[in-house]
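**Student:** To start, I am sharing the structure in question, which I have written as structure tokens.
Residue numbers (our numbering): 36 to 358.
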């Protein structure tokens, strides 16, 4: 068998919002005093006190985005989800460039298509406002938007977010693997391989990236000679990588390769992990192909006993194929 190797409280900003309501000097002083007292109560985990203080702040400035957000956090902690979400919404509407996180997360937690669509709208609004004010958008916002675009299969937009992330912190392995996965999910296998190869130019001995390349080559039906070459390249760097040994052995066995060599590699995997269902299945199938059906059945039945839902069907097919 070929195995796939592939706060409650948030930190407060430095000070409370200005709000839209005009307060007297005395009220401003009260607001500031109680707001910072609430911050200290949160830090000390005196949440009942914090709640009371925040309610007083909210009474003075009903539109203060940070107060609304932290009240939402309080209600969320008490499992009043609808009220918390409404407070997060109000916080976002008061300061959409900064207070997008809690509201978008609350919407996603609803697990509905409508919630997902609204969360995406929230993130895009925050992005557009930040973009209009600065050339640099908050990295966490870019990451969240990228995930949302991937979830909604908007591949070009997901890649655009990765482009902006690269502009901020540079191209690296994370960027390369993100691009590989986006292209693979998009069905653009050639682009996926190009993304891997670009990174391998800078780090040619990176075993994990070579494994990613091996996997997509196998899925796209690469020539046997090319598959042998990638397997050999990986094993030259990591001779006892059990997953690769298993995959190479299974590939040889199922593509008319050297069965003796396949058995040798497969034997290493079950010696190291004698109860691994996939490794046992590979070894049993190789034995069957060599004409050793009695021994093959022993290993295949052991594989079945140790299997999970992901591997059970193929193991059973192998058992059924042996007369």
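The C-beta atom is built at its ideal place from N, Cα and C for all residues, glycine as well. A quick note: this is a predicted structure, and the numbers were derived from the prediction, not measured.
1) Within the stretch 254-287, note down every full alpha helix (DSSP H) run reaching 4 residues or more, in order along the chain.
2) Could you give the C-beta distance for residue 294 and residue 321, rounded to a whole number, given that I count them as a contact under 8 Å?
3) Got a sec, what are the start and stop residues for the alpha helix (DSSP H) residue 93 sits in?
4) Around the C-beta of residue 168, are 16 or more other C-beta atoms found within 10 angstroms, so that it is buried, or is it exposed?
5) Starting from residue 313 and walking both ways along the alpha helix (DSSP H), at which residues does that stretch end?
6) Have a look at residue 150 and residue 183 and give me their C-alpha separation to the nearest angstrom.
7) I need the straight-line Cα distance from residue 248 to residue 194, nearest angstrom please.
8) Among 331, 203 and 218, which one has its Cα closest to the Cα of residue 192?
9) Nearest to residue 303 by alpha carbon, out of 153, 277, 155 and 129?
10) On a Cα-Cα basis, can you pick out the residue from 232, 205, 203 and 202 that is closest to residue 215?
11) Going straight from the alpha carbon of residue 208 to that of residue 197, what length do you get?
12) Have a look at 288, 313 and 110 and flag the residue whose alpha-carbon is nearest the alpha-carbon of residue 337.
13) Drop a sphere of 10 angstroms on the beta-carbon of residue 330, count the other beta-carbons inside from all chains shown, and report buried for 16 or more, exposed for fewer.
14) Excluding the 5 residues flanking residue 273 on each side, which residues of the same chain have their C-beta closer than 8 Å to its C-beta?
15) Suppose the cutoff is 7 Å on Cβ atoms and the five residues either side in sequence are ignored; what does the same chain contact list for residue 69 look like?
16) Looking only at its own chain, which residues have a Cβ that is under 6 Å from the Cβ of residue 138, when we skip the five neighbours before and after it?
17) Whole-angstrom Cβ separation of residue 119 and residue 100, contact assumed at under 8 Å?
18) On a Cα-Cα basis, can you pick out the residue from 66, 79 and 85 that is closest to residue 73?
19) In terms of alpha-carbon separation, which member of 203, 112, 186 and 153 lies closest to residue 175?
20) Can you give the Cα-Cα distance for residue 78 and residue 71, rounded to whole angstroms?
21) According to DSSP, simplified to helix, strand and coil, what is residue 201?
22) Ignore the nearest five residues each way along the sequence and tell me which others in residue 335's own chain have a CB closer than 6 Å to its CB.
**Tutor:** If we stick to the structure as given:
1) Whole alpha helix (DSSP H) segments, 4+ residues: 259-272.
2) Along the chain shown, one-based indexing puts residue 294 at 259. Along the chain shown, one-based indexing puts residue 321 at 286. Their Cβ separation, rounded to whole angstroms, is 6 Å, which keeps residue 294 and residue 321 in contact under 8 Å.
3) Here the question's residue 93 lines up with position 58 in the chain shown. Element bounds for residue 93: 82-95.
4) In the chain shown, the residue the question calls residue 168 occupies position 133. Exposed: under 16 other Cβ atoms inside 10 Å.
5) Within the chain shown, numbered from 1, the residue matching residue 313 stands at position 278. Taken as a continuous stretch (DSSP letters only), the alpha helix (DSSP H) holding residue 313 covers 312-324.
6) Locating residue 150 in the chain shown gives position 115, counting from the first residue. Locating residue 183 in the chain shown gives position 148, counting from the first residue. When only Cα atoms are considered, residue 150 and residue 183 end up about 12 Å apart.
7) Within the chain shown, residue 248 is the residue found at index 213, counting from 1. Within the chain shown, residue 194 is the residue found at index 159, counting from 1. Roughly 20 Å between the two C-alpha positions.
8) Walking along the chain shown from the start, residue 192 turns up at place 157. Nearest option by C-alpha distance: 218.
9) As a working mapping, residue 303 is identified with position 268 in the chain shown. Its Cα nearest to that of residue 303, the residue 277 stands out among 153, 277, 155 and 129.
10) On the chain shown, position 180 is the one that residue 215 refers to. Selected option, being the one with the closest Cα: 232.
11) Numbered from its first residue, the chain shown carries residue 208 at position 173. Numbered from its first residue, the chain shown carries residue 197 at position 162. Between residue 208 and residue 197, the alpha-carbon positions lie close to 12 Å from each other.
12) Position 302 of the chain shown, counted from the first residue, corresponds to residue 337. Looking at the Cα atoms, 313 is the closest of the given residues.
13) Here residue 330 refers to the residue found at position 295 of the chain shown. Burial check for residue 330: the Cβ neighbour count within 10 Å stays below 16, so the residue is exposed.
14) Within the chain shown, the letter at position 238 stands for residue 273. Contacts found: 242 and 279.
15) Here residue 69 is taken as the residue at index 34 of the chain shown, counted from 1. If we look at residue 69 and ignore the five residues flanking it on each side, its Cβ neighbours are 88, 91 and 92.
16) For the purposes of this step, residue 138 is taken as residue 103 along the chain shown, with counting starting at 1. Excluding residues within five positions, the ones whose Cβ falls inside 6 Å are 123, 124, 127 and 157.
17) Residue 119 sits at position 84 when you count from the first residue of the chain shown. Residue 100 sits at position 65 when you count from the first residue of the chain shown. Your pair residue 119 and residue 100 does not check out as a contact, with CB atoms roughly 15 Å apart and the cut at 8 Å.
18) Reading the chain shown from its first residue, position 38 is the one you call residue 73. Looking at the Cα atoms, 85 is the closest of the given residues.
19) Walking along the chain shown from the start, residue 175 turns up at place 140. Scanning 203, 112, 186 and 153 for the CA closest to the CA of residue 175 turns up 203.
20) Within the chain shown, residue 78 is the residue found at index 43, counting from 1. Within the chain shown, residue 71 is the residue found at index 36, counting from 1. Roughly 11 Å separates the two Cα atoms.
21) In the chain shown, the residue the question calls residue 201 occupies position 166. The answer is helix: DSSP assigns residue 201 an H, G or I state.
22) Here residue 335 refers to the residue found at position 300 of the chain shown. Annotation for residue 335: 319, 353 and 354 place their beta carbon closer than 6 Å to its own, counting only its chain and skipping 5 residues before and after.
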